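Notes follow once the structure below has been shown.
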Amino acid sequence: MKRHSGLFDVALGALALVSLGIIYAPLAVVWVFSNWQPVRVRGALQLAPFSWDSYVALTRNADILGALGTTLLVGLVSMLLALILATTFAMYYWRTVGVSRQIMQALVFLPFLLPPIVVGLSLLIAFRELDATRGAFTIVVGHTVLLVPVVYRLVLTRLNSLSPSLTEASLDLGASHCQTFYHILLPQLGSALLAGALLGFAISFDETMVTLFLSGSTSTLPIRLWSMMRLGFVPEINALATLVVLAAALATAVFGVMQLPGKRGAR
Amino acid sequence: MDDRRDLWRMGWAAFCLGLPFLFVLAPIGTFILYSFWHNESGALVREFTLENYRAFFADPVFRSIYLQTVALCLGATIVNLVAGYGIALFASRRPPRLRFALILMFMLPLFTSYIIKVYAVRGILGHRGVLNELLIASGLISEPITAFIFSQSAIFLTFIVLYLPFAILPIYLSIERIPENLGTASADLGGSQMDEIRHIILPLSLPGVVVAALFNFVMTFGDFVTPTMVGGTEGFTFGRIVFSQFGVALNWPLGAALAVILLATSVLAVGVAGLAMRWSTAR
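Line by line, the protein sequences give chains A and B.
The opening residue of the first sequence carries number 318 in the numbering used here; numbering runs sequentially from there.
The opening residue of the second sequence carries number 3 in the numbering used here; numbering runs sequentially from there.
Below, the structure is given as C-alpha cells:
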C-alpha cells in the first residue's frame with residue numbers, strides 16, 4: 318500500500334473533520350449549556366459560571382420525569398411485544414412456503430418503508446374510526462408496528478443462517494415442535510433478540526413523528542420536549558439532553574465493541 | 003393427533019397474516035379512503051369525492067410549496083451525497099480499526115435523540131444564537147445574520163446536520179464491498195490512485211449512492227418536525243401542511259389526500275431509484 322496521493326487524502330480528511338464538527342456541534346452545545354447556563358446580557362449571549370443547577374432542577378421537574386417514566390414503560394412494553402411478534406412472524410416465514418408468507422413479510426416491512434407521517438396518520442385515522450381514546454395504549458401499538466420489522470429482519474437473518482439439520486435432529490430424536498423451538502432454536506436466536514431488543518428500545522425511546530399523531534394527552538419524552546420547546550426555554554432540557562446523549566453514546570460504544578471481533582473476522 | 007396439528011397450524015397462519023392485516027393494511031386502507039371523503043362545516047361526510055385532490059392541484063399555494071419542498075429536499079440530498087461520498091471514501095482508505103471507529107463516530111449521532119438535536123440546532127442558528135455570536139465575536143459580521151433561522155435556509159442547514167450520517171453509511175458499505183484485488187490490479191497496470199477512484203470505486207459504489215440518495219430524499223421530504231421547529235413562518239414545507247391539517251386546520255380528509263400525494267412522491271422516488279440502480283449495475 319504505497320500509493321499515496323497525499324493532498325487528496327488531506328482534503329478528504331478535512332471534509333470528514335469539518336463534518337464531524339458540524340454533526341457534533343448540537344450535542345456539544347447542549348452539554349455546554351447544561352453546565353454553563355446561557356444568559357442574555359442586553360440581548361447578547363453569555364455563559365454563567367459552571368454549575369450543576371440545571372441537573373438539580375431536572376430532578377425536581379415532575380413533568381419531565383413523568384414523561385420519562387411513560388417513555389421507559391412504552392419502550393419496554395413495545396419492545397417485548399415486538400420481540401414476541403417478530404419471532405413468531407420470522408418462524409412462520411422460515412417454516413412455510415408459498416404466497417402467504419410473502420404477503421405477511423411485505424405487510425410487516427411496510428411501516429418501516431413508509432414515511433413516518435403516513436404511518437402515524439393511518440393509525441390515527443384507524444383509531445378514530447374505532448373510537449379509541451389516544452394514550453399510552455395507542456402509542457404502544459404505533460411503536461410495536463414500527464419495531465416489528467426491525468426485530469423480524471434480525472431474527473430471520475439469524476434463522477436463515479442456521480443449518481436445517483439442527484431442527485431435524487431434534488425432531489428425529491422425538492422432541493416436539495415446542496421443545497425444539499425452546500431448546501434448540503431459541504438459544505441460537507439469543508444474540509439476534511438482544512440486538513433487536515436494544516435497537517427496538519432505542520427507536521421507541523426516540524420516536525417522535527408517529528408518536529405525535531398518537532399521543533393524545535399522554536406524553537412520551539420527545540413529545541413533552543416538543544411542546545416545551547415550542548413554548549419556550551427551560552434549562553432542564555439541556556441537562557436531560559446531555560444525559561440522554563451520554564446514555565446513547567455508552568450504549569453505542571458497548572454495541573460497537575460487541576460487533577468489533579465479528580467485523581474483523583469477516584474481513 | 004393430525005387434526006390437532008392442522009388446527010394449530012391454521013391458527014398460526016391466521017395469527018401471522020391477521021395481525022399485519024389489522025394493524026398495517028387496514029389503517030392504511032382507511033387512510034386512503036379518508037382522502038376521498040370530505041369535511042362539511044366541521045363534520046365528516048362519507049361520500050366519494052375528488053375534492054381534496056382537486057384542491058391540491060388547483061391551489062397555487064399548495065403547488066408552489068410542494069415544488070419548493072421537493073427542491074429543498076433534493077438540494078439537501080445532493081449536498082449530503084457529495085459530503086457523504088468524500089467521508090465514506092476517506093474512511094475506506096484508513097486501516098480497519100480506525101475505519102471502524104470513524105464510521106461509528108459518524109453513526110453515533112443517529113442514536114441520540116432526534117428532537118434534542120433539532121432543538122440544539124435551533125439554539126445554534128438562532129438570531130442571537132451561538133453561530134451569530136461567534137461570527138460577531140470574531141469580527142466577521144457586525145449584525146446578526148437573520149437568514150440562519152426561521153427560513154427555508156434554516157431547514158436546509160438542519161437537514162444537512164441531521165441526515166448526513168444516513169448518506170455516509172450506504173455509500174461506505176458499497177465501497178467496502180469492492181474486492182481489494184481490483185485496486186491492486188489497477189495499480190499493477192499502472193493506474194494512479196485517481197484512476198482507481200474514477201474507474202473502479204466510483205462506478206462500483208453507485209448502488210450505495212442511489213440508496214443514500216433515496217434515504218435522504220424520502221426522509222427529509224416526510225419530515226415535518228424540523229421545518230416546524232426551525233422554519234418559522236417563512237419555512238413552510240409540504241410535510242408541515244399535511245401535519246397542520248390534523249392540528250390547527252383540522253381538515254382530516256384534506257390532510258389524508260395531501261399525505262397520499264406525499265406518499266406517491268416517495269413511491270415515485272423509489273421508482274426512480276430502482277431505475278437508477280438498474281442503470282448503475284448494468285454497466
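Positions of the beta carbon are idealized from the N, C-alpha and C atoms, including for glycine.
It should be emphasised that the depicted structure is a prediction, and the values quoted were computed from it without experimental measurement.
Query	Result
Limits of the alpha helix (DSSP H) - the one that Pro-229(B) falls within	227-232
The region 526-537 of chain A touching the region 432-441 of chain A, judged by at least three CB pairs closer than 8 Å	yes
Range of the contiguous alpha helix (DSSP H) that encloses His-460(A)	453-477
Within chain A, partners of Thr-51(B) - CB distance below 9 Å	Correct list: empty, because the minimum Cβ distance to chain A is about 17 Å.
Any C-beta of chain A under 8 Å from that of Leu-166(B)	yes
Three-way DSSP call (helix, strand, coil) for Val-551(A) in this model	coil
CB-CB length for Thr-114(B) against Leu-382(A), believed under 8 Å	Not confirmed; about 20 Å, so no contact.
Residue(s) in a DSSP beta bridge with His-40(B)	Val-47(B)
Beta strand (DSSP E) segment containing Leu-362(A), residue limits	361-364
Whole-angstrom distance between Pro-22(B) and Leu-216(B), CA atom to CA atom	26 Å
Contact check, Leu-74(B) vs Lys-119(B), beta carbons under 8 Å	no
Interface partners of Gly-88(B) on chain A, CB under 9 Å	Ala-328, Leu-329, Leu-332, Ala-333 and Ser-336
Cβ separation of Phe-240(B) and Leu-264(B), assumed to be a contact under 8 Å, to the nearest whole Å	6 Å
Own chain, CB closer than 7 Å to Arg-584(A), minus 5 neighbours either side, in chain order	Here the model assigns Arg-584(A) a pLDDT of 34, short of 50, so the residue's position is not dependable and the matter cannot be decided.
Residue from Gly-210(B), Asn-183(B) and Pro-209(B) whose Cα sits closest to the Cα of Glu-198(B)	Asn-183(B)
Straight-line gap, Gly-273(B) to Val-213(B) (C-alpha atoms, nearest Å)	12 Å
Chain-ordered neighbours of Trp-14(B) on chain A, where CB pairs are closer than 7 Å	Tyr-409
Pair within 8 Å by beta-carbon distance, Ile-80(B) and Phe-108(B)	no
Counted within 10 angstroms of its Cβ, other Cβ atoms place Ala-251(B) as buried (16 or more) or exposed	exposed
Short CB-CB distance (under 8 Å) between Arg-584(A) and chain B	Caution is warranted here: a pLDDT of 34 is assigned to Arg-584(A), below 50, making its placement in the model unreliable, and the coordinate value is therefore given only provisionally. Taking Cβ atoms only, chain B reaches closer than 8 Å to Arg-584(A), which makes this a yes.
Bridge-paired residues (DSSP) for Val-358(A)	Ala-361(A)
Met-421(A) burial status per 10 Å Cβ neighbour count (16 or more: buried)	buried
When Ser-371(A), Val-435(A), Gln-505(A) and Ser-351(A) are compared against Leu-27(B), the one with the closest alpha-carbon	Val-435(A)
Spatial neighbours of Arg-451(A) in its chain, beta-carbon cut-off 7 Å, leaving aside the 5 residues before and after	Phe-444, Leu-531, Ser-532 and Gly-533
Coarse secondary structure for Ser-351(A), derived from DSSP in three states	helix
Alpha-carbon spacing of Leu-488(A) relative to Ser-478(A), whole angstroms	19 Å
Rounded straight-line distance, which links the Cα of Arg-412(A) to that of Asp-380(A)	48 Å
Reduced DSSP category for His-494(A) - H, G, I as helix; E, B as strand; rest coil	helix
Contact check, Gly-513(A) vs Val-467(A), beta carbons under 8 Å	yes
Residues that Gly-294(A) contacts on chain B, provided the C-beta gap is smaller than 8 Å	Look at the range of chain A in this structure, 318 to 584, and you will see that residue 294(A) is not part of it.
Residues of the region 517-530 of chain A whose Cβ lies closer than 9 Å to any Cβ of chain B, in chain order	Ala-519, Phe-522, Asp-523, Glu-524, Thr-525, Met-526, Leu-529 and Phe-530
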